[in-house]
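Working notes for the structure below.
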């Protein structure tokens, strides 16, 4: 079995379509009016166990995470609504992508976050028009 398509339910197709066209820098490969649009943008599905980080933070926070990640991790965001899945996108130059999305102001951006559990990992989050959390990761040279 393989994953065919991941659907993101949206409230305002026009607004969401504009957001994802801008974020992904591409047009949909298929579109059926305002019912659905499909983008070709990768094919991986990963599982993330938040409790693993929770336990590691209790014992070794400074050696694995930067302050921005710890603050974001501990932030009480209230009950989850439409964000039971985190969509992870990869880019070649994380700093350039962060600057591009900050300039475009298409969604709420987090700070750049650093995690080093299995390997050094830099990322930031952006929210889409429906509040879905999108994780953007990629090459980022600075050390924490």
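Numbering (UniProt numbering), first residue to last: 1 to 144. Positions of the beta carbon are idealized from the N, C-alpha and C atoms, including for glycine. Quick caveat: nothing in here was measured; it's all calculated off a predicted structure.
Nonlocal neighbours in the same chain, by C-beta distance under 6 Å from residue i, ignoring five residues either side
| i | result |
| --- | --- |
| residue 31 | 37 |
Alpha carbon of residue i to alpha carbon of residue j, nearest angstrom
| i | j | result |
| --- | --- | --- |
| residue 99 | residue 21 | 17 Å |
| residue 133 | residue 42 | 17 Å |
| residue 62 | residue 130 | 33 Å |
| residue 85 | residue 58 | 24 Å |
| residue 122 | residue 50 | 17 Å |
| residue 55 | residue 11 | 36 Å |
| residue 14 | residue 24 | 15 Å |
| residue 5 | residue 35 | 15 Å |
| residue 101 | residue 60 | 32 Å |
| residue 107 | residue 126 | 6 Å |
| residue 120 | residue 33 | 42 Å |
Beta-carbon proximity check, residue i vs residue j, cutoff 7 Å
| i | j | result |
| --- | --- | --- |
| residue 95 | residue 140 | yes |
| residue 19 | residue 111 | no |
Cβ shell of residue i (< 8 Å), same chain only, five flanking positions each side left out
| i | result |
| --- | --- |
| residue 40 | 26 and 29 |
| residue 146 | Lying before the first or after the last residue shown, residue 146 is absent from the chain, which here runs from 1 to 144. |
| residue 87 | 6, 8, 132, 133, 134 and 135 |
Assigned secondary structure, residue i (DSSP; H/G/I helix, E/B strand, else coil)
| i | result |
| --- | --- |
| residue 71 | helix |
| residue 57 | helix |
| residue 119 | coil |
| residue 90 | strand |
| residue 5 | coil |
| residue 62 | helix |
| residue 24 | helix |
| residue 112 | coil |
| residue 40 | coil |
| residue 11 | coil |
| residue 167 | Only positions 1 to 144 of the chain appear in the structure, and residue 167 is not among them; the question remains open. |
Proximal residues to residue i (C-beta, below 7 Å), its chain only, five neighbours per side dropped
| i | result |
| --- | --- |
| residue 91 | 97, 136 and 138 |
| residue 53 | 73 |
| residue 93 | 138 and 139 |
| residue 116 | 64 |
Anticipated Cβ contact below 8 Å, residue i with residue j, distance rounded
| i | j | result |
| --- | --- | --- |
| residue 65 | residue 114 | 7 Å |
| residue 109 | residue 124 | 6 Å |
The ligand NAP heavy atom lying under 6 Å from the CB of residue i
| i | result |
| --- | --- |
| residue 98 | Annotation note on the ligand NAP: not contained in the displayed structure, which lists no ligands. |
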